[in-house]
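Below: the structure, in C-alpha cells.
Residue numbers (our numbering): 722 to 1403.
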C-alpha cells in the first residue's frame, strides 16, 4: 500500500476521534445494525472542518478541498476497517457498500473557491468543492432518486452471481440513467450484470434554481449604478437530508461540487449541494453623523425629527417640503419591513393624478432597500407552477415579484390596471400574508394533488390614477364629507391596505418649486439642486433605514391604552345599522404597526403616546377618504398642517399636534365604552 495513502487514513481516523465524528459514526452504525436488514449501501455523512484537517495533515486537507471524491474513498476505507474491527454492522460484507458524504463546514475565503458562472471558462469538470451564494427563484417538488444499487452476474456458475461485489453508488452530477444502467458486464466472466431490485436504495431529491443576489438591482426599475453585468441562474441538487431545507425567495450560501448534466441536446450547469446555510442580512450598526446631529437638534420634541426627515426626504426627486405626508408614509413603510413570520407590515395605496411624479418618488424610495422590487406587468405577482425543465416531468414552483421582495417592498404600479381575479388574489395575500400554489398530481406525474403554502413577507405599494379611473366608471353622487370615490377598486381590497393616501396636487396646478425642479433635472439629471441633498445623501438614507428597521420596539402602556381607546371609540362611531362597524378587522394591527414604525423612524425603542398620535392621525385620514369624516373630524393634512420652513413652523406644528392629542382624548372619553385615559392635567 502507498505509504502516503496509509498516512492519510491514520490522520482521518485521528480527526474523527478528536472532532467527535467517530462517536457519531458508531451511533449511525448502531442504527443500521439494530434494523437487522441487509442494505446494498450504508450511507454516512461526515462533517469536515478543512482548517482542522489541514493542521493535522496538509496533504489530506488538500485532498478534501480539491479531490473530494478520492478523499471520500480514504474515509470509506477507515470506516470499513472500523466496522469490521469493532463488529458494528453484522450485515456489511464489502467496502463498496459504504457510501461517504463529506460535508465541509466552510471553504477558504479565496476567490478560487467561489463559483462564478460569469467567469470564463467555467470548469465544471474539476469535481471539487466550490462556494456559491444566491436567491432561490424556483423550487421543484421532492422526488426519489437511486442512492445505491446492487448488481449480480447473470451467469449462475459465476461466483459474482451472489454477494455484494458490484455496487453502484450515485456520484455528484450523475443522472439516474448513469447510476442504474443495463450495459454493465461481469469483470470475471464478461456476462451481463442485472440489478437486484430488492436491494435498490432510494433517497430524496429536490431541484432548485438559484440566481445571484445582484439580480435584485436589475429588478428595482431604477438604479444609480450604471455598471453592466451578466447574471445567469444555476441549478442546485438537494439530496436526502438537504431536501426541503430551502425556502423559495430566501438567500443562501451553499457548498457543493459543480457538474454538467446532459438532458438530450441541452447541457445544464448545476451544483450538487453538500451543505446549505441561510444568509441573514446584516444591517449597519450606525447612522451618519448628519442624522445624529439632526436628532440632537430636534430632541426637544418627539415629533420634530421625523417631520424634518420627511420634509427633506427624496430631494433628488421632488423639492423639499412637497408631498410631506406621502413621504412620511413611505419612510414608515420602509422601516416596517421584516423577513420574520407574523411581522408587522405597512402597505400603501395612493390616490393621485400625478402618476409620473408619484411613480418617480416610489421608484426612488424602492431602491433604498436591498430587496425593493418593481413588479413588471408581464410577469406574475405571486408564485406559479410549471414543468421542471430538467426532464423529470415534476412540478416546479416559480418565484415572483412578491416572493423576491421578501423583507422589502413590492411595488405593483397602477392598481386599476389589474383584472378582477388578480385583485382578489392580492386581497387574500394581504389578509393572510400567504399564498397557496395548487399542483395537479395528474399533470405532473404524482399520485395525488398537492397544495403548497408560500409565505409572503413583503410590503406592497400601489397607486390609482384618479383621472383615468373616473373615465372608466360612473362616479357615485352620495358621498360623505371627506370621502373619495374609490369604487373602481373593491372595498375589501382598499380596507386591507394599511394606509390610503390622497395626493391632492393635480398636474394642472403644479407648484412653482416642483416645476423648477423638474425642468432643472431634465437639463442636468445628476445635479444636486439643494443643500440637503449634499448633507443627507441617498446612501445616508439607505444606512439609516437599514439601521432603523432592525430596531426592536415595545409598546408602552400609555400608547397601548391610547390606541385601544381610539379603536373602540371609532368602532362605535363608524357603524351603521346594516353593515355594522366600517372598521376593518385589521385596523388595530395597522395602528400598532404605524406606531411602531414611527418609533423606529425616531430611533427609539419604546412606543410613546406621541407615536400613537401620529399613527392615529394618519389612520383617521385614511378612514376619512374611505368612509367619510367622523366625530373626531381631522383635517386633510393633519400630520403636516404647515409648511416646515423654520424652527417657528416646527413649534407651531408641535402646538397643533398637542391640540390634536387633547382632542383625541376627548373623543375617547366621549365615545370609548368604559375607557378612561389619564391626561397630563390629572
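By construction, the Cβ of each residue, glycine as well, lies at the ideal position given by its N, Cα and C atoms.
Asked, Found
"N-terminal and C-terminal residue of the beta strand (DSSP E) that residue 955 is part of", "955-960"
"DSSP beta-bridge partners of residue 768", "824"
"Given residue 1262 as reference, the closest of 967, 1213, 1027, 1275 once Cα atoms are compared", "1027"
"Contact under 7 Å by Cβ, residue 994 with residue 863", "no"
"Closest Cα partner of residue 990 within the set 978, 1040, 997, 1083", "978"
"Whether residue 861 touches residue 928 by CB criterion (7 Å)", "yes"
"Residue 1180 burial status per 10 Å Cβ neighbour count (16 or more: buried)", "buried"
"Coil, strand or helix - residue 1123 by DSSP", "helix"
"Residues bridged to residue 881 (per DSSP)", "Answer by DSSP bridge pairing: none, since residue 881 is not bridged."
"Delimiting residues of the alpha helix (DSSP H) encompassing residue 1027", "1025-1033"
"For residue 1104 and residue 1175, believed in contact at Cβ under 8 Å, the rounded distance", "5 Å"
"Contact set for residue 1095: own chain, Cβ-Cβ below 7 Å, skip 5 residues either direction", "940, 941, 942, 1084, 1087, 1132"
"C-alpha gap between residue 725 and residue 795, whole angstroms", "11 Å"
"Residue 852 - containing beta strand (DSSP E), residue span", "851-861"
"Contacts around residue 1356, its chain only, beta-carbon distance under 7 Å, and the 5 residues preceding and following it disregarded", "1362"
"Residue 1217 beta carbon less than 7 Å from that of residue 1152", "yes"
"Same chain, Cβ closer than 7 Å to residue 896, neighbours up to 5 away in sequence not counted", "982"
"DSSP state of residue 1132 mapped onto helix, strand, coil", "strand"
"Residue 991 - containing beta strand (DSSP E), residue span", "987-999"
"Which listed residue (790, 878, 801) has its alpha carbon closest to that of residue 847", "790"
"Cutoff 8 Å; reference residue 1098; Cβ partners in own chain excluding five residues on either side", "1134, 1138"
"Cut-off 6 Å between Cβ atoms - residues of its own chain near residue 893, not counting five sequence neighbours on either side", "978, 980, 993"
"Contact check, residue 1031 vs residue 1018, beta carbons under 7 Å", "no"
"Residue 1154 - DSSP class collapsed to helix/strand/coil", "coil"
"Residue 865 in three-state terms, based on DSSP", "strand"
"Whole-angstrom C-beta distance between residue 1089 and residue 1266, which should lie under 8 Å", "5 Å"
"7 Å CB neighbourhood of residue 821 in its chain, flanking five on each side removed", "765, 767, 793, 796, 797, 800"
"Distance between residue 775 and residue 1029 (C-alpha atoms, nearest Å)", "57 Å"
"Rounded separation between residue 1336 and residue 1051 - CA only", "13 Å"
"Distance, residue 1033 Cα to residue 1061 Cα", "31 Å"
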